[in-house]
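**Student:** Protein sequences, first through last, are from chains H and S.
Read the first sequence against the numbering used here and you will find it ends at 339, with the numbers running on by one and no gaps.
Read the second sequence against the numbering used here and you will find it ends at 267, with the numbers running on by one and no gaps.
My questions will all concern the structure given below.
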Amino acid sequence: MIDYLVSVLTEGSIFAIMALGLNIIWGWSGDFDLAYYGYIALGAYMTLVLTVGPATSPTTYILGLSLPFPIAIAIAIICSMLLALIVGAIALRHLRGIYFSIVTLGAVYVLYVFAGQFVPLFNGYNGLSGLFDPMGDFFGLDFSTYPFFYLGLCVFVLVVVLVMVTRLSSSRFGLALRSLREDERAAAAFGRDIYVMKLKAYVLGAGIGGLAGGLFAGYLSAFNPSAWSPVETIVLYAAILVGGRGSTRGVVLGVAVMVMGLQEATRYLPEIANQPSFAPAFRLILTGIVLVLFIRFRPQGLLPERRLRDKDPAGKGGAAIATEPAMSGPTLDTGTA
Amino acid sequence: MTALLEVEDLHKHFGGVQAVSACSFTAAEGQITGLIGPNGAGKSTAIDLISGFKVPDTGTVRFEGKEVQGKAPHRISRMGLIRTFQSPREWPGLSVLENLILASFERRRERFWRSLRGPTRAEKKHADDQVVRARAILEEFGLLHLRNERAGNLSGGQKRLLEFGRIRMAEPRLVILDEPMGGVNPVLGERMAAAVLGFVTAGTSVVIVEHNLPFIERVTDQVVVMAEGRVIAEGPFAELRGNQAVVDAYLGEMPSYDDDDV
Numbered sequence: 003m004i005d006y007l008v009s010v011l012t013e014g015s016i017f018a019i020m021a022l023g024l025n026i027i028w029g030w031s032g033d034f035d036l037a038y039y040g041y042i043a044l045g046a047y048m049t050l051v052l053t054v055g056p057a058t059s060p061t062t063y064i065l066g067l068s069l070p071f072p073i074a075i076a077i078a079i080i081c082s083m084l085l086a087l088i089v090g091a092i093a094l095r096h097l098r099g100i101y102f103s104i105v106t107l108g109a110v111y112v113l114y115v116f117a118g119q120f121v122p123l124f125n126g127y128n129g130l131s132g133l134f135d136p137m138g139d140f141f142g143l144d145f146s147t148y149p150f151f152y153l154g155l156c157v158f159v160l161v162v163v164l165v166m167v168t169r170l171s172s173s174r175f176g177l178a179l180r181s182l183r184e185d186e187r188a189a190a191a192f193g194r195d196i197y198v199m200k201l202k203a204y205v206l207g208a209g210i211g212g213l214a215g216g217l218f219a220g221y222l223s224a225f226n227p228s229a230w231s232p233v234e235t236i237v238l239y240a241a242i243l244v245g246g247r248g249s250t251r252g253v254v255l256g257v258a259v260m261v262m263g264l265q266e267a268t269r270y271l272p273e274i275a276n277q278p279s280f281a282p283a284f285r286l287i288l289t290g291i292v293l294v295l296f297i298r299f300r301p302q303g304l305l306p307e308r309r310l311r312d313k314d315p316a317g318k319g320g321a322a323i324a325t326e327p328a329m330s331g332p333t334l335d336t337g338t339a
Numbered sequence: 006m007t008a009l010l011e012v013e014d015l016h017k018h019f020g021g022v023q024a025v026s027a028c029s030f031t032a033a034e035g036q037i038t039g040l041i042g043p044n045g046a047g048k049s050t051a052i053d054l055i056s057g058f059k060v061p062d063t064g065t066v067r068f069e070g071k072e073v074q075g076k077a078p079h080r081i082s083r084m085g086l087i088r089t090f091q092s093p094r095e096w097p098g099l100s101v102l103e104n105l106i107l108a109s110f111e112r113r114r115e116r117f118w119r120s121l122r123g124p125t126r127a128e129k130k131h132a133d134d135q136v137v138r139a140r141a142i143l144e145e146f147g148l149l150h151l152r153n154e155r156a157g158n159l160s161g162g163q164k165r166l167l168e169f170g171r172i173r174m175a176e177p178r179l180v181i182l183d184e185p186m187g188g189v190n191p192v193l194g195e196r197m198a199a200a201v202l203g204f205v206t207a208g209t210s211v212v213i214v215e216h217n218l219p220f221i222e223r224v225t226d227q228v229v230v231m232a233e234g235r236v237i238a239e240g241p242f243a244e245l246r247g248n249q250a251v252v253d254a255y256l257g258e259m260p261s262y263d264d265d266d267v
């Protein structure tokens, strides 16, 4: 039971990091990016080829180094960001809305097929494996204590990402990004360089995706194209939407509800004879129904994005409408979301 | 009187339509310049060309003596030339207060690394000062009680006022207002006329595109009349009434605007 809980929480932390990265791209700057899966996958692949050592026949892949896990993840993040820089530089230049989505979907499918067909790159459709218990030897852990360590590592990374994202969210950078989501032309009229800002957000989000991908590879100890297809991005979108688009706390809650909750709730469905794909299909159907209900009845999500609220009712300085004693300064709830 | 904005021989065509041709005029520092003309005269296109939202085929636009034609909108905006749009373009999902605060562009504070580091004491102080200033402006426009409201929930008239509030917050050298009186009732119109005059007091010169001629007559120092893509007359509004070309193209048989009910 405890093993089960540890694995659910580890997976949940990794998905939360993924969703937080995607939330920067879709929740803040407003781009419905379907290539996001590609940055997770590249992060996972790069982490694997940098840690598992040389390829032995019949498997083939590039690099085949045996770098320490953290260094491999750092390089994987950079690779994901570089890929996002290329895709974003093309797709964000003039395309918005559905056109942006189509181009990013096209880009990720090209990469998906390429990774699958071009075997020397990442061993094709068979994928990569062999990353067992990264950093386990370094800390002298055995197979019974290791899952706890990895859970701790994932939670620690999640907290670091949360602190970073929370700071950005309430900063001028985060606020200005939202103005792009709300009305781009007005943002340009008030001095914002839309292209550069959107590209920054895109690359940042992809970097977080690459980080999550690296952790995912360490968790699964393997990665291949069919294990995790581009459609899975929709699960992340569902989590963000249900939790509250743009809201940091909401996204974490959304992952808890839509990824961990739904997944675990449907795990013990009765098996139907000769229909092994029933449970996964039912999960997707349920995800769809929940999505539709939220879009219809609570589009802002469970924990909506918080706005900068000015709580001082008296005003101060130039505003001479003090009906209550003026406060020492403006009391601002800058909101973490 | 120096020219803040000089538009010279601007051309722009869309397919076979010559939207703006040989358009030249100037807007002086510290003045309110009206830009009028019938529908399709090329006023909106001219604004787009000046503010960088469209690129002219030929011609020059000089702002404070520097050529800006073909520059990106945000670059022109950062130089101190801000334009509004025909329909108010608030950031609907953000609060009224946030709409105001974001109107002042602060390049350094919006940098990624600086934002990631978190605000310093001085930056927090600055942010507080900004809120105080935003409040004063909202109070002036009668929007203070709505400061925590989603801007998208405001009425059409309130959105117009919010747009004006954002301009005050941004303190540009020149603002181009594109039909600010569209769909505005007379009482609100009074308030907006006062606000336009207030811009000049606050150091912002104004170019205003408007079909509401009593309003133009009242607030402008100088009027530019466009028709069929070109400027057909330039001068104080009172002089233009006697100009036959202007009357033919736009004013028509003009009633007297002495009555308020026109």
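Ideal Cβ positions, reconstructed from N, Cα and C, are used throughout, including at glycine.
(1) Expressed to the nearest angstrom, what Euclidean distance is found between the alpha-carbon atoms of Arg309 of chain H and Tyr127 of chain H?
(2) Could you tell me which residues DSSP pairs with Cys28 of chain S in its beta bridges?
(3) With respect to the alpha helix (DSSP H) encompassing Glu239 of chain S, which residues constitute its N-terminal and C-terminal limits?
(4) Within a Cβ cutoff of 8 Å, which residues of the same chain sit near Gly194 of chain S, ignoring the five residues on either side of it in sequence?
(5) Does the segment 27-39 of chain H come into contact with the segment 99-109 of chain H, if we say contact requires no fewer than three beta-carbon pairs (one atom in each stretch) closer than 8 Å?
(6) Using three-state DSSP, classify Gln227 of chain S as helix, strand or coil.
(7) Please compile the residues from chain H whose C-beta is within a distance smaller than 9 Å of the C-beta of Glu103 of chain S.
(8) List the endpoints of the continuous alpha helix (DSSP H) containing Asp134 of chain S.
(9) In chain S, which residues lie with their C-beta within 7 Å of the C-beta of Arg174 of chain H?
(10) Kindly indicate which residue of H:Arg169, H:Phe120, H:Leu87 has the alpha-carbon position closest to the one of Trp118 of chain S.
(11) Measuring only the C-alpha atoms, how far is His18 of chain S from Leu10 of chain S?
(12) At the level of alpha carbons, what is the spacing between Lys71 of chain S and Thr65 of chain S?
(13) At 4 residues or longer, what runs of the alpha helix (DSSP H) sit wholly inside the segment 188-254 of chain H?
(14) Is it right to say Thr58 of chain H is buried, meaning 16 or more other beta carbons lie within 10 angstroms of its own, or is it exposed?
(15) Please say whether Val251 of chain S and Val212 of chain S have beta carbons closer to each other than 9 Å?
(16) Could you tell me which chain H residues have their CB closer than 8 Å to the CB of Phe90 of chain S, listed as they occur along the chain?
(17) Check whether the Cβ atoms of Leu255 of chain H and Leu304 of chain H sit closer than 9 Å, and answer yes or no.
(18) What are the partner residues of Tyr63 of chain H, as DSSP defines its beta bridges?
(19) Under a Cβ-count criterion, where at least 16 other Cβ atoms within 10 Å of its own Cβ denotes burial, should Gly246 of chain H be classed as buried or exposed?
(20) Between Ile106 of chain S and the rest of its own chain, which residues show a CB-CB distance below 6 Å, the 5 nearest in sequence each way excluded?
(21) Roughly how many whole angstroms lie between the Cα atoms of His131 of chain S and Val162 of chain H?
(22) DSSP three-state call for Ser146 of chain H: helix, strand or coil?
(23) For Phe68 of chain S, write down the residues that DSSP places opposite it in a beta bridge.
(24) Can you look up Ala117 of chain H in the DSSP assignment and give me helix, strand or coil?
(25) Taking Asn153 of chain S as the query, report the chain H residues whose CB atoms sit under 9 Å from its CB, ordered along the chain.
(26) Are the beta-carbon atoms belonging to Phe242 of chain S and Thr225 of chain S less than 9 Å from one another?
(27) Rounded to whole angstroms, what is the Cα-Cα separation between Arg152 of chain S and Val294 of chain H?
(28) Is it true that the CB of Val257 of chain H sits closer than 9 Å to the CB of Gly14 of chain H?
(29) Flag this pair as yes or no: are the beta carbons of Val261 of chain H and Phe17 of chain H separated by less than 9 Å?
(30) Using a Cβ-Cβ cutoff of less than 6 Å, which residues in the same chain neighbour Gly20 of chain S once the five nearest sequence positions on both sides are dropped?
(31) What does Leu170 of chain H reach in chain S if we use C-beta pairs closer than 7 Å?
(32) DSSP three-state call for Gln249 of chain S: helix, strand or coil?
(33) DSSP has Gly347 of chain H in a bridge; who is on the other side?
(34) Within the 9 Å Cβ cut-off, does Phe30 of chain S reach chain H?
(35) Quick one, are the C-beta atoms of Pro227 of chain H and Tyr101 of chain H less than 9 Å apart?
(36) Distance, Cα to Cα, Phe299 of chain H vs Thr250 of chain H?
**Tutor:** So, to answer that:
(1) In the first sequence, the residue the question calls residue 309 of chain H occupies position 307. In the first sequence, the residue the question calls residue 127 of chain H occupies position 125. Using only the alpha carbons, I get a separation of about 46 Å.
(2) For the purposes of this step, residue 28 of chain S is taken as the residue at position 23 of the second sequence. Looking at the DSSP output, Cys28 of chain S bridges to S:Leu15.
(3) By 1-based counting over the second sequence, the position of residue 239 of chain S is 234. Where Glu239 of chain S is concerned, there is no enclosing alpha helix (DSSP H), although the beta strand (DSSP E) it sits in stretches over 235-240.
(4) Numbered from 1 along the second sequence, position 189 holds the residue referred to as residue 194 of chain S. Here the set comprises Met186, Asn217, Phe220.
(5) Output reads yes: the segment 99-109 of chain H touches the segment 27-39 of chain H.
(6) Translated into the one-based positions of the second sequence, residue 227 of chain S becomes position 222. Strand, per DSSP.
(7) Numbered from 1 along the second sequence, position 98 holds the residue referred to as residue 103 of chain S. Those within 9 Å of Glu103 of chain S in chain H are Leu177, Arg180, Ser181, Arg309, Leu310.
(8) Mapped onto the second sequence, residue 134 of chain S falls at position 129. First-last of the alpha helix (DSSP H) with Asp134 of chain S: 126-145.
(9) Translated into the one-based positions of the first sequence, residue 174 of chain H becomes position 172. Neighbours of Arg174 of chain H on chain S, chain order: Glu111, Arg114, Glu115, Ser120.
(10) Locating residue 118 of chain S in the second sequence gives position 113, counting from the first residue. Trp118 of chain S has its Cα closest to that of H:Arg169, out of H:Arg169, H:Phe120, H:Leu87.
(11) What you label residue 18 of chain S is simply residue 13 of the second sequence in a count that begins at 1. What you label residue 10 of chain S is simply residue 5 of the second sequence in a count that begins at 1. Leu10 of chain S has its alpha-carbon roughly 22 Å from the corresponding atom of His18 of chain S.
(12) Counted from its first residue, the second sequence places residue 71 of chain S at position 66. Counted from its first residue, the second sequence places residue 65 of chain S at position 60. Distance between the alpha carbons of Lys71 of chain S and Thr65 of chain S is about 10 Å.
(13) 196-222, 235-245
(14) One-based indexing of the first sequence puts residue 58 of chain H at position 56. Classification of Thr58 of chain H: exposed, given that the 10 Å Cβ count is below 16.
(15) Looking up residue 212 of chain S in the second sequence gives position 207. Looking up residue 251 of chain S in the second sequence gives position 246. Going by C-beta atoms, Val212 of chain S is not nearer than 9 Å to Val251 of chain S.
(16) The residue given as residue 90 of chain S occupies position 85 in the second sequence. Within chain H, the residues near Phe90 of chain S are Arg187, Ala188, Ala191.
(17) As a position in the first sequence, residue 255 of chain H is number 253, starting the count at 1. As a position in the first sequence, residue 304 of chain H is number 302, starting the count at 1. Cβ distance < 9 Å, so Leu255 of chain H and Leu304 of chain H count as in contact.
(18) Start at 1 with the first residue of the first sequence, and residue 63 of chain H comes out as number 61. Per DSSP, H:Phe124.
(19) Here residue 246 of chain H is taken as the residue at index 244 of the first sequence, counted from 1. Buried, since its Cβ has 16 or more Cβ neighbours within 10 Å.
(20) Within the second sequence, residue 106 of chain S is the residue found at index 101, counting from 1. The residues are Gln135, Ala139.
(21) Stepping through the second sequence from its first residue, residue 131 of chain S is reached at position 126. Stepping through the first sequence from its first residue, residue 162 of chain H is reached at position 160. C-alpha separation (whole angstroms): 27 Å.
(22) Residue mapping note: residue 146 of chain H aligns to position 144 of the first sequence, counting from 1. Of the three classes helix, strand and coil, the one that applies to Ser146 of chain H here is coil, per DSSP.
(23) Translated into the one-based positions of the second sequence, residue 68 of chain S becomes position 63. Beta-bridge pairing links Phe68 of chain S to S:Leu10, S:Lys71.
(24) In the first sequence, residue 117 of chain H corresponds to position 115, counting from 1. In this structure, DSSP gives Ala117 of chain H a helical state, which the three-state scheme calls helix.
(25) Residue numbering aside, residue 153 of chain S sits at position 148 when the second sequence is read from its first letter. Neighbours of Asn153 of chain S on chain H, chain order: Arg309, Leu310, Arg311, Asp312, Lys313.
(26) The residue you call residue 242 of chain S lines up with position 237 of the second sequence. The residue you call residue 225 of chain S lines up with position 220 of the second sequence. Closer than 9 Å, so yes.
(27) Mapped onto the second sequence, residue 152 of chain S falls at position 147. Mapped onto the first sequence, residue 294 of chain H falls at position 292. Roughly 32 Å separates the two Cα atoms.
(28) Residue 14 of chain H sits at position 12 when you count from the first residue of the first sequence. Residue 257 of chain H sits at position 255 when you count from the first residue of the first sequence. In contact: Gly14 of chain H and Val257 of chain H (Cβ atoms closer than 9 Å).
(29) Sequence index remark: in the first sequence, residue 261 of chain H carries index 259 (1-based). Sequence index remark: in the first sequence, residue 17 of chain H carries index 15 (1-based). Going by C-beta atoms, Val261 of chain H is nearer than 9 Å to Phe17 of chain H.
(30) Here the question's residue 20 of chain S lines up with position 15 in the second sequence. There are no such residues.
(31) Counted from its first residue, the first sequence places residue 170 of chain H at position 168. By Cβ distance, chain S contributes Ser120, Leu121.
(32) Stepping through the second sequence from its first residue, residue 249 of chain S is reached at position 244. Gln249 of chain S falls in the helix class under three-state DSSP.
(33) With chain H represented from 3 up to 339, any question about residue 347 of chain H goes unanswered, as that position is not in the structure.
(34) In the second sequence, residue 30 of chain S corresponds to position 25, counting from 1. False, the Cβ-Cβ gap to chain H never drops below 9 Å.
(35) Here residue 227 of chain H refers to the residue found at position 225 of the first sequence. Here residue 101 of chain H refers to the residue found at position 99 of the first sequence. When the beta-carbon positions are compared, Pro227 of chain H and Tyr101 of chain H stay at least 9 Å from each other.
(36) As a working mapping, residue 299 of chain H is identified with position 297 in the first sequence. As a working mapping, residue 250 of chain H is identified with position 248 in the first sequence. Distance between the alpha carbons of Phe299 of chain H and Thr250 of chain H: 21 Å.
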